[in-house]
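First residue of the sequence shown? That's 1 in full-length UniProt numbering, and the numbers climb one at a time after it. Cβ coordinates follow ideal geometry from the N, Cα and C atoms, glycine included. From a predicted model like this one, the values you see are computed outputs, not experimental measurements. Worksheet: one structure, shown below.
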Amino acid sequence: MTHSRHEPTGHAAMTMHQLITADGDRVSDDLLDEFVSDIDDQTLRNLYEDMVVIRRIDFESTALQRQGQLALWPPMLGQEASQIGSARALETDDFIFPTYRENGVAYCRGVAMGDVLGLWRGTCNTGWDPYEFNMATPQIIIGSQTLHATGYAMGLVLEGKESLSIAYLGDGATSQGDVHESMVFAASFQAPVIFFCQNNHWAISEPVGLQSHVPIAGRAPGYGIPSIQVDGNDVLAVLAATRWAAHRARTSGGPSFIEAVTYRMGAHTTADDPTRYRGVTELEEWGAKDPMARMRTFLTNTGKLDAVAESAIAAKADAVAAELRDACINLPDPDPMSVFENVYVEDHPVLDRQREHYRQYLASFERPESTTSHEAPAMPQGRAS
1 MTHSRHEPTG HAAMTMHQLI TADGDRVSDD LLDEFVSDID DQTLRNLYED MVVIRRIDFE
61 STALQRQGQL ALWPPMLGQE ASQIGSARAL ETDDFIFPTY RENGVAYCRG VAMGDVLGLW
121 RGTCNTGWDP YEFNMATPQI IIGSQTLHAT GYAMGLVLEG KESLSIAYLG DGATSQGDVH
181 ESMVFAASFQ APVIFFCQNN HWAISEPVGL QSHVPIAGRA PGYGIPSIQV DGNDVLAVLA
241 ATRWAAHRAR TSGGPSFIEA VTYRMGAHTT ADDPTRYRGV TELEEWGAKD PMARMRTFLT
301 NTGKLDAVAE SAIAAKADAV AAELRDACIN LPDPDPMSVF ENVYVEDHPV LDRQREHYRQ
361 YLASFERPES TTSHEAPAMP QGRAS
């Protein structure tokens with residue numbers, strides 16, 4: 001069954017902020033322009049390069065799953081601008097609370113992409129130390145990361161720090177109670193948290209119009225949280241919008257809500273078949289708004305990207321993909337005791353007892369060296385039939 005109507009139908013229209021049109025033209029925006037006034041040509045090329053690389057990573061990861069090297073993979077095709085633009089707007093001491101799809105954000109944070117695949121290969125709970133990259137582990141439980149981000153931001157206020165937290169979520173998560181509870185607390189305590197909603201129009205097979213009859217960003221003011229709706233396929237606009245929200249957070253302005261309107265051009269995960277619930281026409285319409293193609297058109301039309309630079313970017317993307325494949329196939333088997341890592345900030349007596357009990361349990365399967373060389377007892381000979 002396919003759905004034909006997915007857009008919110010309510011009366012609460014909002015301004016869609018944009019800096020680069022779908023045709024690749026640079027336009028002005030009264031709110032956003034000041035937040036990208038420092039962006040030079042090299043930075044623009046870097047943003048484009050990031051998108052090219054993570055799309056190549058995405059394709060390679062999908063191929064690895066199809067070849068049996070990964071149990072599952074959540075594609076980010078079409079959402080590159082939302083992830084790159086927002087991630088590049090953050091400072092290193094800002095803490096990120098992602099969903100399971102923010103692999104582009106992890107790339108910007110410096111996480112080795114081979115380590116990202118550990119979760120999807122089943123070799124670890126997560127492939128990185130959250131405190132090394134100030135990025136929490138991928139969250140599978142829809143919307144629960146907003147609770148963590150809000151609580152973390154409240155802690156920042158108590159400690160007198162000027163950094164912030166950001167919670168990534170999808171349009172589907174806005175139907176979860178955790179998200180609304182988080183927004184209540186964030187507003188009440190003026191927590192420096194950014195709620196970054198990637199409205200990719202589909203919560204697996206449920207269109208966004210069934211979940212909200214008003215723009216998603218229009219919900220936030222009801223909690224007392226300023227919000228902005230931005231073209232999520234415009235990497236420059238997303239960068240500016242996230243900087244706007246970050247500035248508010250750092251200057252005691254409290255929480256902000258960003259709705260990045262984008263589109264999930266691929267499947268929900270590699271276990272999903274989107275052709276069962278959405279039509280080809282819709283995909284073609286959004287394909288014309290491809291974030292990577294848009295940025296490429298803008299850069300080439302303004303003389304900021306030539307064939308040599310583009311070739312170098314493509315070569316880098318291929319090299320990263322090759323490294324990714326090699327790292328994936330050579331991921332080590334997990335240490336069973338690693339399940340006790342990163343549970344609490346500090347050791348806890350209950351966790352210590354559980355760890356020791358599990359260590360003894362594993363040790364019970366070990367055999368002394370002297371018995372390992374013995375031959376197995378001969379099986380009794382049965383009567384020939």
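- About 5 Å separates the Cβ atoms of residue 291 and residue 80, confirming a contact at the 8 Å cut-off.
- Counting the other CB atoms within 10 Å of its CB gives residue 135 a total of 16 or more, which places it among the buried residues.
- The beta carbon of residue 245 sits closer than 7 Å to those of 194, 256, 258, all from its chain and outside the five residues before and after it, given in chain order.
- By the Cβ neighbour-count rule, residue 92 is exposed, with fewer than 16 other Cβ atoms within 10 Å of its own.
- Secondary structure at residue 191: coil, using DSSP grouped into helix, strand and coil.
- Note that the C-beta distance between residue 19 and residue 234 is below 9 Å.
- For residue 169, the enclosing beta strand (DSSP E) begins and ends at 165-170.
- Secondary structure of residue 231 (DSSP, three-state): strand.
- DSSP, reduced to helix, strand and coil, places residue 13 outside both helices and strands of the structure shown, so it counts as coil.
- Non-local beta-carbon contacts of residue 148 in its own chain, meaning distances under 7 Å to residues more than five positions away in sequence, involve 97, 136 in chain order.
- In this chain, residue 320 is not harboured by any beta strand (DSSP E); it is covered by the alpha helix (DSSP H) spanning 307-329.
- DSSP places residue 258 in no alpha helix (DSSP H) but in the uninterrupted beta strand (DSSP E) bounded by 256-261.
- Residue state for residue 76 is assigned as coil, using DSSP reduced to three classes.
- When the five nearest sequence neighbours on each side are left out, the beta carbons in the same chain lying within less than 6 Å of the beta carbon of residue 99 are those of 139, 168, in order along the chain.
- Here residue 38 is exposed. Its C-beta has fewer than 16 other C-beta atoms within 10 Å.
- Per DSSP, the beta bridge partners of residue 207 are 202.
- Distance from the CA atom of residue 298 to the CA atom of residue 306, rounded to whole angstroms, is 12 Å.
- From the listed residues 17, 313, 188, 143, the smallest Cα separation to residue 173 is found for 143.
- Assigned with DSSP and collapsed to three states, residue 124 falls in coil, not helix or strand.
- As the crow flies, the alpha-carbon of residue 312 is around 14 Å from that of residue 47.
- Residue 25 and residue 63 have their C-alpha atoms some 34 Å from each other.
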